[in-house]
Each structure stands twice: as C-alpha cells, then as structure tokens.
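Chemist:
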Amino acid sequence: MRKSIVAGNWKMNGNLAANAELVTGLLSTQSGNDNIDVLVCPPAVYIPQVAALLQGTRVALGAQNASAFEKGAYTGDISLSMLAEFDVQYVILGHSECRALFGEDDSQVASKFLAAVAAGVTPIVCIGETLEERQAGQTLDVVARQLRAVLDVADTVALAGTVIAYEPVWAIGTGLTATPEQAQEVHQALRALIAEYDAAAALKVRILYGGSVTADSAAQLFAQPDIDGGLVGGASLKAKDFLAICSAAA
Ligand code: PEP
Numbered sequence: 726m727r728k729s730i731v732a733g734n735w736k737m738n739g740n741l742a743a744n745a746e747l748v749t750g751l752l753s754t755q756s757g758n759d760n761i762d763v764l765v766c767p768p769a770v771y772i773p774q775v776a777a778l779l780q781g782t783r784v785a786l787g788a789q790n791a792s793a794f795e796k797g798a799y800t801g802d803i804s805l806s807m808l809a810e811f812d813v814q815y816v817i818l819g820h821s822e823c824r825a826l827f828g829e830d831d832s833q834v835a836s837k838f839l840a841a842v843a844a845g846v847t848p849i850v851c852i853g854e855t856l857e858e859r860q861a862g863q864t865l866d867v868v869a870r871q872l873r874a875v876l877d878v879a880d881t882v883a884l885a886g887t888v889i890a891y892e893p894v895w896a897i898g899t900g901l902t903a904t905p906e907q908a909q910e911v912h913q914a915l916r917a918l919i920a921e922y923d924a925a926a927a928l929k930v931r932i933l934y935g936g937s938v939t940a941d942s943a944a945q946l947f948a949q950p951d952i953d954g955g956l957v958g959g960a961s962l963k964a965k966d967f968l969a970i971c972s973a974a975a
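Position one of the sequence shown corresponds to residue 726 (my numbering), numbered consecutively onward.
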C-alpha cells in the first residue's frame, strides 16, 4: 500500500503576506492524516519564511527546482545542499515549464536527480507529453524516454523513494484535465517500465498526476489504482481548494 502524496506547486506566486495567509489556512484545518504526505513548494526566496511557518507541522516543504551542481560559478542557481539546510525535503525536477522555458533536457534532469538523492532530498521527477505528441500517438514513447533517463542512473534504494509526476503538458494551467482513464493508462505504463528495472521498487514508487487538478476532478483521478496523489499548481494557491484535494487523496 503506497502512501498518497499531494504537492502544491506555487510557481512564481506569493509574497510575504499572502504566503503567511495561505499557510495559516492550510494549517487551520490540517487534521493530520497518516495516509497522506502533504507538501508545498514556494518560490525559493520564500523557503526560509515557509520553513519557519511549517516547523513542527505535518506539512512538508519542497523546492521548485535546483542545480545539479554542489557549488561554484552557477549564477542565479541554488544547490540541493543549500535547500536541505532550510528543511527542504522534496524538490520538483524537470517540470515542463523548466523544460520549455529554460531548455532543461532529460540528461540535466537525471543529473539533478542524482544531486537530490545525494543531498537527501526526495526528487519529484516530472514527465509528460505535449498536445502534438499525444495527437501523434507518441505519449507512451515520450514519457518512457523521459523516465528512462532517470531510471538509467538511479540505484535501487533511491528509486523506491522517488516520486514521479505525470503531467501532460497540454493539461498544465489550461483547465484541461486528462480523464482518469487517460491518466491511469500512462501511470500503469510507467509503473511497468519501472518494474523492468526493479520490480520491488515499482510497487513502492509513488506516481502523481498533475495538470489542472481541482477539488472536483481529484477524487476520480486518485481512485485509479496507479495514481498515488497529485502535483497541483493553480488550485494550491487557495487553502480551501488545496485542502479539498488533499482530502480526496487521503
Ligand atoms: C503544475 O504546475 O505542476 C501544475 C500541474 O499546474 P496546474 O495544476 O495549474 O495545471
């Protein structure tokens, strides 16, 4: 039995006051449930603020990206060990916005994966096809290529603790959601691919769905056998909506 996980990706949103209000809202009704891991991923500059607000609570802290390198001449970047110093337990890697806007490729994502594992930070590896790729019938090939890049470098222990997020690019921030059947088909294929590398780890790896998840769509998605929770963008910015999504996963 895999523990559900719901991650809120705030993207480049928030400010000191709004963050405090959002976290207060999340904590006011966070009943604490052993069936689910909940985390929020604020913009990097707010990580110390949110870390302080979350201290001693059941909500964990994640980062939205990180460098593959430990230190050095990488202006503007932040290393995993720096994030770990601020209680960051998870890091989103290979988000489609980073792939599209910053040109991140599969091999960079694999390097970042290794850096996260070395720093003791749980990677949330994002993969997903574009609309053109889906329409061309390439969905399973694309996500397999993206996932293989990480599977090829992961050792067994790291792999079992890894979180994968299937996020069809056409569903992110668009209001379009994959149907539960569409998502399950991909999740099942991803788990089968992981099993080719390590059958025991395949049963443990948590595979999240992301792409315009709302309180209304969450329950049906999370009821699918290979969907272990969600990576939530827009709906994670409102405490009530995010908590409703967490309840659907618990
Ligand atoms: C995301 O940013 O990973 C995401 C899934 O966003 P949204 O929920 O807004 O589609």
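Ideal Cβ placement from N, Cα and C applies to all residues, glycine included.
Hey, I889 and V930 are a contact pair by Cβ (cut 8 Å); roughly how many whole angstroms apart?
Modeler: Walking along the sequence shown from the start, residue 889 turns up at place 164. Walking along the sequence shown from the start, residue 930 turns up at place 205. With 8 Å as the limit, I889 and V930 qualify as a contact, their Cβ atoms being about 6 Å apart.
Chemist: Taking all protein chains shown into account, do 16 or more other C-beta atoms lie within 10 angstroms of the C-beta of L818, making it buried, or fewer, making it exposed?
Modeler: As a first step, residue 818 must be located in the sequence shown, where it is residue number 93. With 16 or more Cβ atoms within 10 Å of its Cβ, L818 is classed as buried.
Chemist: Could you tell me whether the region 799–807 touches the region 825–832, using the rule of 3 or more Cβ pairs below 8 Å?
Modeler: In short, these stretches do not touch, since the Cβ pair count stays below three.
Chemist: Cβ of H820 within 7 Å of any heavy atom in ligand 1?
Modeler: In the sequence shown, the residue the question calls residue 820 occupies position 95. Yes, the beta carbon of H820 sits closer than 7 Å to at least one heavy atom of ligand 1.
Chemist: Please give me, in chain order, every unbroken run of the alpha helix (DSSP H) with length at least 4 that falls completely inside the region 800–863.
Modeler: Qualifying alpha helix (DSSP H) stretches, in chain order: 805–809, 821–827, 831–844 and 856–860.
Chemist: List the whole-angstrom C-beta distance separating A835 from V878, where the pair is believed to meet the contact cut-off of C-beta under 8 Å.
Modeler: Position 110 of the sequence shown, counted from the first residue, corresponds to residue 835. Position 153 of the sequence shown, counted from the first residue, corresponds to residue 878. So it is a contact: roughly 5 Å between Cβ atoms.
Chemist: Less than 8 Å between the C-beta atoms of L808 and A791, yes or no?
Modeler: Against the sequence shown, residue 808 aligns to sequence position 83. Against the sequence shown, residue 791 aligns to sequence position 66. Closer than 8 Å, so yes.
Chemist: Using DSSP with H/G/I as helix, E/B as strand and the rest coil, what is S972?
Modeler: On the sequence shown, residue 972 is found 247 positions in, with the first residue counted as 1. Helix, per DSSP.
Chemist: Any idea if D759 is buried or exposed, counting beta-carbon neighbours within 10 angstroms, 16 or more meaning buried?
Modeler: For the purposes of this step, residue 759 is identified with residue 34 of the sequence shown, where counting begins at 1. Answer is exposed; the Cβ neighbour count stays below 16.
Chemist: Below 8 Å on the Cβ atoms is my guess for V816 versus P848; work out the distance and round it to an integer in Å.
Modeler: Here the question's residue 816 lines up with position 91 in the sequence shown. Here the question's residue 848 lines up with position 123 in the sequence shown. Yes, they are in contact, since the Cβ atoms of V816 and P848 sit about 6 Å apart, within 8 Å.
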